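Engineer: At position 211 of the sequence shown the residue is numbered 270 (my numbering), and the sequence of numbers has no breaks.
Even glycine gets a Cβ: it sits at the ideal position worked out from N, Cα and C.
Every value quoted in this text rests on a predicted model; they were computed, and no experiment measured them.
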Amino acid sequence: MSSLDRSFNTRTRDRRDRIAEGDAEHRPAAPDSEAPPPDVATPPAKISVTRLNAYFHGYHAIHDITLDIPDGHVTAVIGPSGCGKSTFLRCLNRMHEQVPGATAKGSVMIDGVNIYDRAVDPVRLRRRVGMVFQKPNPFPTMSIRENVLAGHKLNGISVKDPTGLVEKCLRQVALWDEVKDKLDQSGLSLSGGQQQRLCIARVLAVEPEVILLDEPCSALDPIATARIEELIEELKQRYTCVLVTHNMQQAARCSDYTAFFYMGDLVEFDRTDTIFTNPKESKTEDYVTGKFG
């Protein structure tokens, strides 16, 4: 077991215990208190990014990004097309380096371990930091059941109770009742929204710590989008989520914190309500009010 795995496992138990107990530190003030509530402290960071730079064949895509992503919350990443949102997201589980000619420099610490350390196995890392892509991508030659179990199969991990795991994960994404009688049909037989929930179930099956969502609703209709947004709200009870979206209304609905990127730079990061109602930077205000983008 790697140092990253050991750190994840220990901190997973601690964090889920805190969430189950309500974690008094993050509870709001009692409603009968007449005193104004104090400023809400930023929760502990799950991911600490320091001076992160990413390149494609020499093109400098993101510049010196330093950012703490809070544990057990949804952080949205917004900004105009080409600003580096998806590049930043892919650097958080080293998917970026799979692109020919792509490199990254800087530090990404998850639970105190730098994921760019040479001792960190990228395959193990991506089980811990799962990703949901813009376009639903169930494996075309696999059944619904096999898609849920694909992460285990592809990594040679045995499952004691595969039937139970499939049901558990499909229930978590509110898909079980819709597919329980056709688990052996192709994943491609499902609608676009169902396929995306199947892909999320596939991520959940390997028990990640962090879920990265790269514009997961951009190819979906409004009804399917609403289902995914409801699911994101449920996921943050157990996972740290980072959501890249071009839809500012979606960021406002789904996230607790928001980072605004522009031309490869992190312009501003704050609680989502602050970003959308009282941003500190004029460029952020111009973007969220629709003056450009």
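By how many angstroms is the C-alpha of T134 removed from the C-alpha of D123?
Structural biologist: For the purposes of this step, residue 123 is identified with residue 64 of the sequence shown, where counting begins at 1. For the purposes of this step, residue 134 is identified with residue 75 of the sequence shown, where counting begins at 1. Rounded to the nearest angstrom, the two C-alpha atoms are 19 Å apart.
Engineer: So which of L257, A104 and S248 has the shortest CA-CA distance to A233?
Structural biologist: The residue you call residue 233 lines up with position 174 of the sequence shown. Measuring from the Cα of A233, the nearest candidate turns out to be L257.
Engineer: Answer yes if the segment 311 to 323 comes into contact with the segment 157 to 172, meaning at least three C-beta pairs across the two stretches below 8 Å, and no otherwise.
Structural biologist: Judged by Cβ distances under 8 Å, the segment 157 to 172 makes no contact with the segment 311 to 323, as fewer than three pairs qualify.
Engineer: Take P102 and list the residues in its own chain whose beta-carbon comes closer than 7 Å to its own, dropping the five residues that flank it on each side.
Structural biologist: Residue mapping note: residue 102 aligns to position 43 of the sequence shown, counting from 1. So the qualifying residues of the chain are H85, P129, D130, G131 and H132.
Engineer: What do you get for G138, buried or exposed, if any count of 16 or more other CB atoms within 10 angstroms of its CB means buried?
Structural biologist: On the sequence shown, residue 138 is found 79 positions in, with the first residue counted as 1. Buried, since its Cβ has 16 or more Cβ neighbours within 10 Å.
Engineer: Grab the span of the beta strand (DSSP E) containing T125 for me, first residue to last.
Structural biologist: Indexing the sequence shown from 1 puts residue 125 at position 66. Note, T125: beta strand (DSSP E), Y118 to P129.
Engineer: So for T109, helix, strand or coil by DSSP?
Structural biologist: The residue you call residue 109 lines up with position 50 of the sequence shown. Strand, per DSSP.
Engineer: Does the distance from the C-beta atom of L242 to that of V225 stay below 8 Å?
Structural biologist: To locate residue 242, count along the sequence shown from 1; it is residue 183. To locate residue 225, count along the sequence shown from 1; it is residue 166. Against a cut-off of 8 Å, the Cβ pair of V225 and L242 comes out as a contact.
Engineer: Who does S245 pair with in a DSSP beta bridge?
Structural biologist: Stepping through the sequence shown from its first residue, residue 245 is reached at position 186. Answer by DSSP bridge pairing, in chain order: S202.
Engineer: Looking at chain B, is there any beta carbon in it that lies within less than 8 Å of the beta carbon of K350?
Structural biologist: Protein chains in the displayed structure number just one, and chain B is not present.
Engineer: Between E344, R149, C142 and M190, which has its C-alpha nearest R261's C-alpha?
Structural biologist: Against the sequence shown, residue 261 aligns to sequence position 202. Nearest of E344, R149, C142 and M190 to R261, Cα basis: M190.
Engineer: Taking only three categories from DSSP, how would you classify I216?
Structural biologist: In the sequence shown, residue 216 corresponds to position 157, counting from 1. Of the three classes helix, strand and coil, the one that applies to I216 here is coil, per DSSP.
Engineer: Please report how far the alpha carbon of I291 lies from the alpha carbon of L184, in whole angstroms.
Structural biologist: To locate residue 291, count along the sequence shown from 1; it is residue 232. To locate residue 184, count along the sequence shown from 1; it is residue 125. Using only the alpha carbons, I get a separation of about 22 Å.
Engineer: Just the Cα atoms here: how many angstroms apart are K194 and T299?
Structural biologist: Translated into positions along the sequence shown, residue 194 becomes position 135. Translated into positions along the sequence shown, residue 299 becomes position 240. Whole-angstrom Cα-Cα distance: 21 Å.
Engineer: Would you report the Cα separation of G251 and Q244, rounded to the nearest angstrom?
Structural biologist: As a working mapping, residue 251 is identified with position 192 in the sequence shown. As a working mapping, residue 244 is identified with position 185 in the sequence shown. Between G251 and Q244, the C-alpha separation is close to 15 Å.
Engineer: If we require 3 or more residues per run, which beta strand (DSSP E) segments fall completely within the segment 246 to 308?
Structural biologist: Correct list: 269 to 273 and 299 to 303.
Engineer: Below 7 Å CB to CB, which residues in the same chain sit around T125 once its five sequence neighbours on both sides are set aside?
Structural biologist: Here residue 125 corresponds to residue number 66 of the sequence shown, with the count starting at 1. Around T125: V108, T109 and R110.
Engineer: Hey, L302 and L272 are a contact pair by Cβ (cut 8 Å); roughly how many whole angstroms apart?
Structural biologist: Counting from one through the sequence shown, the residue named residue 302 turns up at place 243. Counting from one through the sequence shown, the residue named residue 272 turns up at place 213. That pair is a contact at about 5 Å.
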